[in-house]
Structure formats: structure tokens, C-alpha cells
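As given, the protein sequences belong to chains A and B, one line each in that order. Per my numbering, the first sequence runs over residues 2 to 359. Per my numbering, the second sequence runs over residues 914 to 1356. Encoded as C-alpha cells, the structure appears first; notes follow it.
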Amino acid sequence: MFYREVGQFKSTYAADMAVFPIRQDRIGILVLLAIAVVVLPLVSNDFVLTSILIPGLIFTLAAIGLNILTGYAGQISLGTGAFMGVGAYAAYKLANAFPEVNLLVWILCSGVFSAGIGVIFGLPSLRIKGLYLAVTTLAAQFFLEWCFVRMGWLTDYSSSGAIEAVRRTLFGLSISGPEADPLTRYFVVLGLVVFLTWITSNLVHGRIGRTWMMVRDMDIAAELMGVRLLPAKLLAFAVSSYLAGVAGAMMVFFWLGAAEPSAFGITLSFQVLFMVIIGGLGSLLGSWLGAAFIWALPVVIKFAPGLVGIDVPSARVEHVNSMIVGALIIFFLIVEPHGLARLWAVTKQKLRVWPFPW
Amino acid sequence: MFGRLGLAFSVASVIAAVLPPISTAHAEESLYVPLLTYRTGAYAGSGIGIADGMHDYLEMLNQRDGGIGGVKLALEECETGYNSQKGVECYEATKGKGALVYNPWSTGITLQLIPKAGVDKIPVLSMAYGLSAAADGKTFPWVFNPPMTYWDGASVAIKYIAEKSGGMAKLKGKTIGYIYLDAPYGKEPIPLLEELAKENGFKLAKYPVPGDKMQDQSSQWLNVQSDSPDWMIMWGWGAMNPTAVKEAAKIGYPMDRFIGVWFSGGDDDAKAGGAGAKGFLTLNFNGTGANYPALADIKKYVFAKGLSQVKGEDRIGENNYNHGVYNSMLIAEAIRNAQKIAGKKMIDAADMRAGLETLNIDAARIKEMGLEGFMAPMKVTCDDHSGENPVYVQQWDGAKWVKVSDWIEPMTDKIRPTLLADAKAYADKNAPWPARTEACGGR
């Protein structure tokens, strides 16, 4: 009824294999984009922009990055936080060394460095599998964090040990640094995240994505069918770390404004991992939903009582917050172990056949 | 479907159970002071006392005097969990409500707020923590770190050691150990300590403690045991403090040669060492115990009325609690000062900045506040936003802190040039750093 596909004929293979084969989906995506570009900026105040939308988008990108590795290629990683850090420090060094080049160029380049580091730490993945691989990526996490603390060169020998967002402009508008308007930052972040999601979508729907999924489902079978495991796995590590690195750079420049090494700690890795698991492994939509759920929900719970005029001690809100989010995570994992993306797929199927139950 | 409904109901009932009844609307005319605190997470052990102290002193002014200058203070706590992400969230959520001043209570959050302070025109008060270089008022007109910086503290520790050893010249050939949290906070005093070591001919042995290994310091203390330094200095926070005291007691290090910074002086930190902690020294800038008229008023007007979150009456007067009281005292005095300068009761954040910059608390005013003996007279100037005020040394007697030294002045002549150079380096790195446009003395 709502999702009636009757009358939608496909006359080419390209149309049949499109990412959004159903017309309603295509319209829906455009409507969502229109909401993100037009409606949200109009109705959001600075707080919603800086505390929900901008970080939500940045975490979405990080979650997509991890989803490539864990969801599509089946390699568990606990080093996302550190790879984000590599991107952030790389962008900081590059932006300071070459101030005349536009910041966006360096944000996009910073991912290359984290991709390189990711490939190095991805090398053991050929021999080590599953949980054991998680341990080696955990080593990456601790090693890189140690570098952020100890290598003064990374912070230009700052006595505080932290990196600060440099002041940069785009078309005369301030996009980074304390003067940057939240709305401008939102548009920059939205543009980058949508662009990179689009690129990634093409990647995972093509030959490379299929290779990754073969490796994930059964690597011996994949090898027998001619997939070279090492390049496939390393490419997954590279793409995943690239996206994480770009997200890390955006985190410092467009959201936090400054970051000390502990901002890229193991908790950040877990935060992103939870987003991927809750959102749905092996689904780009899931990355978006997971990031929205894990990031936005606690913020809303934290500040909602104050907005409606209820006075609750801040620590109690924090405790209740952990309880609610924890309960919801368990709830979702029991009701739908494949994540929010699967929940949406089920809903969609129901809508297609509605009012009939099957 | 029922499962989901059931969950919705249970969530709703959890919320309903923990929420107190809807509070009355804030008074129409009030000064809004957001308090960024942490009562959860790994640093809650230090944070809870501070949060209580900050809230209770200001609430006491509300209850006893009806606020400051006849205007009530609207207090709102926002939980940061010592986490930079949440700190920024709290800042963004509260700045639009007319916030007068921010107290981040975390070096990481302070560093994020420093560039924002000048743009949003809201002062940051990082009391004896944060960026030491921010004491340069010419570069950082919106950031304040009274009553002193970490460098001042480190210099006082060396001065105290010299005094006990019989003069600076006697330091030659000695070894001084420095155990610190391996984070910006603990690394801050190292340049100064190294300079003093070179100048006075003592050896500085460094023992970094990684932030995620705070509760396991056996390897560091094994090294201390083999190096056997003549004195130990510590820069610790949260779980690092009690662990270090325990380990020092275990290896039998002489506790009266072990000096912590003011943030290592929590009562629970020292209690962790049991009887072995007796003799442990820390720097401090506020009195301990509740034997002051102002703290008695907190008990009478806040605790007795059930307006405080503090766990028990004996917690009032603990060192961390009193740090919080000192912090709130600075806020309250700055507001009072700002009202005087602006000539009106309802001040804004810009007035508050002027109030902080011309803060001058003399002995008469300390007595008037009911805090005689709690603190030394202190002042902040346009050039010097920390004031480099004196510090004293206190000792744990097994049950409470006892003051064992006079107020010791920091080595200002040593610190000031390094500090200005550091401020300049910060401004250069964050170019174009806005030049100061605010006039000195008033607005």
C-alpha cells in the first residue's frame, strides 16, 4: 500500500542493480536530504547544531569506516579511536605546515595517513582471525595513544600537549576555529559526510565490496574463487582507516575545537563499535541509524528534563541516562540482533505488503 | 509490540521514580552561574567533593543573604564526567542562558574553552589548573587561573625542600623524584623543575604514570625504591593519588619527604595509605576543616535544610570540598566586584570579566566573609591573571590535615619570563590570535 511497486518497470540491467531500485526510496532519500539541508538549519539552534547534528554526522562517518572493516570485511577492530586520532594529528600538522592550502584539502588528505597506519596494523589480519585480531588492533590503539602523548612533534611541542583547531576560511566564510558559525560548520560536515557516504556506497556495491563480503563469509572459499586475501583485507583496512581518519580530523576542526590525546582513547573506539553493532553490521544505513541512536539519544535524555522545566540533579540524569541507553541496547539486541538497519528492512517489507500480513 | 510498550512504561516509570516534583520557576531576576561538575566516572572520587563545595557555598549565599547584592544566583550543574566531549556539550547547552563564568575543572575542557572565551565573551575561571600561560592577561583577557599556577606550585615545593635541607645551596647533589600523571596536567611543571634542577645542581628523576594505569604503580615505585630519591614530588589526580600514597607507604618511603600538589590532597587520598600515610605532605591554598564561620553557615543554611547533595556532615570541610568553596568564593567575590564597577545589580559576562580582573581580596574582606585563616589575601591584576599568590604546606596526621608551614611565595622572577614566552608561543601557534581590546580596570 505505502510501498507499492506496481507499475515500476525496469528495462535495463543498470536500473535493476541500482542502489535504490524502488522509486519511493529514491524520493525518500531526496526528502531526507532536503530536510537536512533546508529544514534542520532553519529549526535548529546553536546547541542542537553543535551538540547533536555535527557530532552525530562525524560519528556517522567513523561508524561507516568501522562498518567497512567489521561489517563488510568481517575483521574486528578496536583501534578506531586511535585511527581517528592519526587523522586529527595529520590534519593539524598539515594545516599548520601549509596554511595557504584550503583546510578541506587537508581534512581529506589526513585520512591517507591513517589509512597508511591502518594498513600496517592490518598486516597481521592475514594470519590472525576473529577475536585474536581484535587484540592486535587493541595494541594499535594503545601504541598510537602512547605516540600522541609522547611525540612532542605531533603537537608542535605544545606545553599543554593538546592540538587546537586552526582558523581557516572557505569562500570567505570562517569554517574552523572559535569564530566559525555552527551553521557553516554543519554544512561543511554534512557535505563531506554525504559525499563520502556516496563514494563508499559505490565501493561496497561494486566488485570491491563483493570481494570484502566473500572474505567475510568464508575466506577459504573466497581464496579458491580467485580473491587474493591480503590485498582485499588490507584494502578494507585502508578504506576503513581513511574514513575514520577524516572523521577524527573533522572532530577536532569542526566540533571540539581542541583535543588532548585522551580524546582518542579506547572509549572512543568502543563508542564507534557500539554504533556499528546497534546500527547493523554490513549496512551503510545502519551506520547512520546507529550513530544517531548512540550519540543523540543520551544528549536528548540529558537535556530534555531541563527544557521542560524539571529540575533533576545532573549526576542522577547521567546515571539514569546510562541505565536507559543500556536497557535500550539490550532491548534492541534481543528484538533485532541484526541492528536498526534490519529493523527498518522488516518495517519496509511490512509496508510493502500492507494491509496483508505476508 | 507489547514488549515495546512494556519497555516504554518501565522507562517512564524509572524516570518518574527518580524525578523530584517539578521545581518552581527560577526567580525573575537572577544571575545565572553554570557549574560544570563531575560526579560520575573515573575522577568522581575527586570531583564529588568539589562539586558539593562549589554548589553549597553559592547556595548558602542565596539562603543567608538572598544572593549577591540582592540578586539571587541561579545555579545549574552540568555533568561532564571529566570528558571533553561532554564538557563542550555542557558549554553549548548553557552559554545561551546568560552564563557569567565557566569553571571547567578539567585541563582538557579548559583548553577547548580558551579560544571560545574571547569569541563568546564569557570568562573562564580555571582555579589553579589549566594552561599556566593563561596567567598572561595581555594575551588571554578572558581566562583566569588564580590564585596561582602549577609552576608557582612546583617552585614552592622546591623552596620548601630547600628550607628543610638548609638552603638552596644544599640541594646540590641531591635527587628529587617527580611522579606524575602522564597527561598535560602532570607534564606542565616539568620545564620549570628541569630548569631549577640545572640551576641548583640537583638531579630530577621522573616517574610518569599513564592515565589508564593509575591504579597500578608498582613498577614506578620499584624504581623509586632502587633510585631512593631524597625527596618525592607528586602531581596526581583521581585514582592516582590514593594508589601512590599506598605504594609509598608499602615500600616504606619516608612520608614526610613526599610532597603532593594541592590536587593530591584529598582526605580520601591520604586515608588510603592507612597508618603508613602519616606524615604525607601536600601543597595547599585553602584551609581544611569546617572551623570557619562561612562553613558553619553552610551547615546551618544549606546542609540542615537538606539543600546539599553532600553525603554526610563530616564531608563538609574535607580538602576537596574546600577547594570547591574557594572556587565559589572567587566567583561570588568577582560578581560583587563586578556589580560595584558596573554600578548595577544585573551584571553580564563582560562585567564579570572586569570583576575578575580587578579582584582584590584583602584580610579585612576575608574576615568579613567568615573565612579568616582559610586563605591568604589574594589579588588578580590586568597583566597577571593568576596573581602568583602564596601557598602553604600541610601534613596528614593520620586523621586530618595540619598546616606545617607559613605561606610561601612562589619564585615569581623565575616563572614570569617562561610564562610570557609560553603565552606568546600559544598565540603564535593559533595565529591570528585576537589582540586584546578590553581596557584595563573596569570595562
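We put the beta carbon where it would ideally sit given N, CA and C, even for glycine.
Considering phenylalanine 149 (chain A), what are the terminal residues of the beta strand (DSSP E) in which it resides?
-> No beta strand (DSSP E) holds phenylalanine 149 (chain A); the alpha helix (DSSP H) holding it covers 132-151.
Can you tell me which of B:Asp1065, B:Gly954, B:Cys991 puts its alpha carbon nearest to the alpha carbon of glycine 1300 (chain B)?
-> B:Asp1065
Output the distance between the C-alpha atoms of serine 263 (chain A) and asparagine 996 (chain B), rounded to the nearest integer angstrom.
-> 9 Å
Does the region 236-248 of chain A come close enough to the region 106-117 of chain A to have 3 or more Cβ pairs within less than 8 Å?
-> yes
Can you give me the Cβ contacts of aspartate 1169 (chain B) inside the same chain, cut-off strictly under 6 Å, excluding the 5 residues immediately before and after it?
-> Gly1192
Selected residue, minimal CA-CA separation from alanine 141 (chain A), among A:Leu285, A:Phe196, A:Ser270 | A:Ser270
For histidine 339 (chain A), decide whether its Cβ has a neighbour in chain B, counting only Cβ atoms nearer than 9 Å.
-> no
Cutoff 9 Å: proline 42 (chain A) Cβ touching any chain B Cβ = no
For chain B, find out if any of its Cβ atoms is closer than 9 Å to the Cβ of threonine 81 (chain A); answer yes or no.
-> no
Compare the Cα-Cα distances from aspartate 892 (chain B) to each of B:Ile1022, B:Gly1009, B:Val1001, B:Val1069 and report the closest residue.
-> With chain B covering only 914 through 1356, there is no way to say anything about residue 892 (chain B).
Between the region 253-266 of chain A and chain B, which residues of the former have a C-beta closer than 9 Å to a C-beta of the latter?
-> Trp256, Leu257, Gly258, Ala259, Ala260, Glu261, Pro262, Ser263, Ala264, Gly266
Opposite isoleucine 1092 (chain B) in the DSSP bridges: which residues?
-> B:Tyr1120, B:Met1147
Own chain residues within Cβ distance below 7 Å of glycine 994 (chain B), not counting five before or after = Tyr951, Thr953, Gly954
For threonine 1325 (chain B), does the three-state DSSP call read helix, strand or coil?
-> helix
Does the count of Cβ pairs from the region 271-279 of chain A and the region 291-309 of chain A closer than 8 Å reach three?
-> yes
Nearest to leucine 231 (chain A) by CA position, among A:Ile121, A:Pro42, A:Phe304, is which residue?
-> A:Ile121
Can you tell me whether DSSP reads lysine 1010 (chain B) as helix, strand or coil?
-> coil
Answer yes or no: does any C-beta atom of chain B fall closer than 9 Å to that of glycine 178 (chain A)?
-> yes
Would you decide whether glutamine 9 (chain A) is buried or exposed? Buried here means 16 or more other CB atoms lie within 10 Å of its CB.
-> exposed
In this structure, does DSSP put aspartate 1310 (chain B) in helix, strand or coil?
-> coil
Just the C-alpha distance for isoleucine 935 (chain B) and valine 301 (chain A), rounded to the nearest angstrom, thanks.
-> Because isoleucine 935 (chain B) sits at a pLDDT of 39, beneath the cut-off of 50, its placement in the model cannot be relied upon, and the following sentence gives the value as read from the coordinates. Roughly 19 Å between the two C-alpha positions.
What residue ranges within the region 1214-1278 of chain B form continuous alpha helix (DSSP H) runs of no fewer than 4 residues, ordered along the chain?
-> 1232-1255, 1262-1270
Under a CB-based cut-off of 9 Å, is glycine 885 (chain B) close to chain A?
-> Within the shown structure, residues of chain B are numbered from 914 to 1356, placing residue 885 (chain B) beyond reach of any answer.
Arginine 229 (chain A) CB to nearest chain B CB: under 9 Å?
-> no
For cysteine 991 (chain B), does the three-state DSSP call read helix, strand or coil?
-> strand
Is the beta carbon of leucine 1013 (chain B) less than 9 Å from the beta carbon of isoleucine 1274 (chain B)?
-> no
Just mark serine 1141 (chain B) as buried or exposed, buried being the case when its beta carbon has 16 or more other beta carbons within 10 Å.
-> exposed
CA nearest to the CA of aspartate 1129 (chain B), picked from B:Gly983, B:Pro1017, B:Ala1157, B:Ala1118 = B:Ala1157
Looking only at its own chain, which residues have a Cβ that is under 6 Å from the Cβ of glycine 1187 (chain B), when we skip the five neighbours before and after it?
-> none
How many angstroms separate the CA atom of cysteine 1353 (chain B) from the CA atom of proline 1054 (chain B)?
-> 9 Å
Cutoff 9 Å: proline 1017 (chain B) Cβ touching any chain A Cβ | no
Would you please verify whether the beta carbon of cysteine 991 (chain B) is less than 9 Å from any beta carbon of chain A?
-> yes
Test item: CB-CB of threonine 1195 (chain B) and glycine 1178 (chain B) under 9 Å | yes
Integer Cβ distance of serine 177 (chain A) from leucine 104 (chain A), believed to fall under 8 Å = 6 Å
Please name the residues in the region 1001-1025 of chain B whose beta-carbon is closer than 8 Å to at least one beta-carbon of chain A, in chain order.
-> Val1001, Glu1002, Glu1005, Ala1006, Gly1009, Thr1020, Gly1021, Leu1024, Gln1025
Candidates B:Gly1202, B:Ser1241, B:Met1242: closest to glutamate 883 (chain B) by CA position = No answer is possible for residue 883 (chain B): it lies beyond the span of chain B, which begins at 914 and ends at 1356.
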